[in-house]
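Right, one structure below, let's go through it.
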Amino acid sequence: MTETPPLSGPLAGITVLDLSRVLAGPWCAQILGDLGADVIKVEQPGQGDDTRRWGPPFLNDGSRDSAYYLCANRNKRSIAVDIARPEGADLVRSLAARADIVLENFRVGALAKYGLDYAALSAIKPDLIYCSITGFGQTGPEKDKGGYDFLIQGMSGLMSVTGLPDGVPGGGPVKAGIPISDLTTGLYAAISVLAALNHRARTGEGQHIDMALLDAQVALLANQASGWMNGGIEPRRMGNQHPTIVPYQDFACADGDILIALGNDRQFRSLCAVLDLPALADDPRFAVSATRSENREALFAAIKPVIASRKSDELIADMEAAKLPCGKVNSIPEILAHPQIAARGMVHEMARDDGTPIKVLGFPGQLSRTPATYRHAPPRSAQDTAAVLGERLGLSADEIAALLANGIVADRL
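Its first residue numbered 25, the sequence shown is counted upward by one per residue in the numbering used here.
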């Protein structure tokens, strides 16, 4: 077991019972934990969270936990309870009665047979905030289907606007390089939980949050969907180009690519000065954003040769001197070693209960009075079962030993 450091942060004193696994739910729970909540992760005896085995790479500390698992499970304590056994379901109900928030990502209706659905738990704790995360939500014709990130990226329309156009080498739908649907759902779930906590503080009322991966990803279509709904323009894949802002993409220099991201006409005029192409700034085809977008190929024909003749570092220096947004594409090792990331405290080293060091990415919100904290390294499966059952439910060592002997709970998988 691990000793629990004193809680701090804006959610100190809030208890989260996390029945979720994989990424969307654990990501939400980790956010709440970073902000000070006491998160109890409930796992299946003998197996644990699916992502513990999603590797390589794996830790070489005996646990063989994957790096994937580590990314979404800090600031939690892990217990293992067999909810399919009546005694196990009773334990989880008792924990829920003492919690503020329950997170789960089982299929629609799956927890009802164990008496762990919202109706059952809210009957014993009316002010409970219960967040259900599924692929398609609790209602609608697709509600009974399972949904993983890749499937949702495609079904949501995201992949229809990601990648190169059809008919060019490498053209076709492309998924994002990170599990954006899972991560976005976790973020929206955390926002919804915080809103529900505020409502409860004012009214004393709990509520059920129905969070769907598909809904969250469709919400992120933002400007692309708005262009279709309000302008009748169907979005298309454009590689790294922006549908309305030009220039806003990568360009080839003499020694590598750079990124140029201009957002207004003033910046475009400054770019023309940097490239020593002043006539372009007054050309009616390019002078304002809308006409630049319509005449982008003509603009590219004018600026690409000049950019290609310049060394990337020199051009970036000139553009930065003119206050123009630009940069290079960093690899993940490069950005994690970047001095800006170090200055912002975005990489933290933590130690697991046996002293094994691991590194995690930081919480990006820099709260001046109640900053995020890094109290628990991602736990080994079931490492805190005895501690949590004793602390939360008041069970004696003998009672816990009996539960372990009967396979109702597990400790230290």
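Note that beta-carbon positions come from the ideal geometry of N, C-alpha and C, so glycine has one too. Since the model is a prediction, treat every value here as computed from it, not as a measurement.
*Under the three-state DSSP convention, the category Arg110 falls into*: Arg is not the amino acid found at residue 110; the sequence shown has Pro there. Helix at Pro110.
*Neighbour-count burial assignment, Leu252, 16 or more Cβ in a 10 Å radius*: According to the sequence displayed, residue 252 carries Trp and not Leu. Trp252 is exposed by the Cβ-count criterion.
_Alpha carbon of Val63 to alpha carbon of Gln177, nearest angstrom_ = 29 Å
*Tell me where the beta strand (DSSP E) around Thr39 begins and ends.*
39–42
_Spatially closest choice to Gly161 from Leu188, Val116, Arg117, Val242, by CA coordinates_ = Val242
_Contact defined as beta carbons within less than 8 Å: I believe Asp129 pairs with Ser44. What is the distance between those atoms, to the nearest angstrom?_
This sequence places Asn at residue 129; Asp is not what is there. About 4 Å separates the two Cβ atoms, so the contact holds.
*Report yes if the C-beta distance between Val198 and Asp124 is below 8 Å; otherwise report no.*
no
*Run through DSSP, which three-state label would Ser405 get?*
DSSP places Ser405 in coil when its eight states are reduced to three.
*When DSSP labels each residue in this structure, what does His362 get in the three-state scheme?*
coil
*Residue(s) in a DSSP beta bridge with Ala283*: This sequence places Leu at residue 283; Ala is not what is there. According to DSSP, Leu283 bridges with Asp274, Gly351.
*Does DSSP classify Ile453 as helix, strand or coil?*
This structure gives no information on residue 453, because the portion of the chain shown stretches from 25 to 437.
*Round the Cβ separation of Val105 and Thr75 to the nearest angstrom and send it over; I've been treating them as touching at under 8 Å.*
Here Val105 is actually not in contact with Thr75; their C-beta atoms are around 19 Å apart, not less than 8 Å.
*Since Ser205 and Ser180 are thought to touch, with beta carbons under 8 Å apart, how far apart are those beta carbons, to the nearest angstrom?*
7 Å
*Residue range of the alpha helix (DSSP H) that includes Ala314*: 313–318
*Tell me the DSSP bridge mates of Phe292?*
DSSP lists no partner for Phe292.
*Give the straight-line distance between the Cα atoms of Leu35 and Ser216, rounded to the nearest whole angstrom.*
Taking the straight line from one Cα to the other gives about 14 Å.
*Provide the residue span of the beta strand (DSSP E) that contains Asp124, from first to last.*
Careful: Asp124 lies outside any beta strand (DSSP E) and carries neither H nor E.
*Could you tell me the boundaries of the alpha helix (DSSP H) in which Val384 lies?*
It is not in any alpha helix (DSSP H) - Val384 instead sits in the beta strand (DSSP E) that spans 381–385.
*Pull up the distance between the alpha-carbon of Arg316 and that of Gly287, whole angstroms please.*
12 Å
*Have a look at Ser313 and Asp141 and give me their C-alpha separation to the nearest angstrom.*
If you take the alpha carbons of Ser313 and Asp141, they lie about 52 Å apart.
*Going by Cα to Cα distance, which pick from Leu245, Ala375, Pro403 is closest to Ile103?*
Pro403
*List the residues that DSSP assigns as beta-bridge partners of Gln231.*
Ile153
*Could you have a look at Met179 and say whether DSSP puts it in helix, strand or coil?*
helix
*Can you name, in chain order, every residue of its own chain whose Cβ lies under 6 Å from the Cβ of Thr268, other than the five neighbours on each side?*
Ser317
*In the structure shown, what three-state DSSP assignment does Lys137 receive?*
helix
*For Asp73, which of helix, strand or coil comes out of DSSP?*
Three-state DSSP puts Asp73 in coil, outside helix and strand.
_Just to confirm before moving on: does the CB-CB distance between Thr208 and Leu244 stay below 8 Å?_
yes
_Sequence-distant residues of its chain with Cβ nearer than 7 Å to Pro380 (five each side left out)_ = The residue asked about is misnamed: residue 380 is Thr in this sequence, not Pro. Contacts found: Leu83, Asp85.
*Given a threshold of 16 other Cβ atoms within 10 Å of its Cβ, counted over all protein chains shown, does His362 qualify as buried or as exposed?*
exposed
*Three or more beta-carbon pairs under 8 Å between the segment 275–282 and the segment 257–265, yes or no?*
The segment 275–282 is not in contact with the segment 257–265.
*For Thr158 versus Val116, is the C-beta distance shorter than 8 Å?*
no
*Val371 burial status per 10 Å Cβ neighbour count (16 or more: buried)*: exposed
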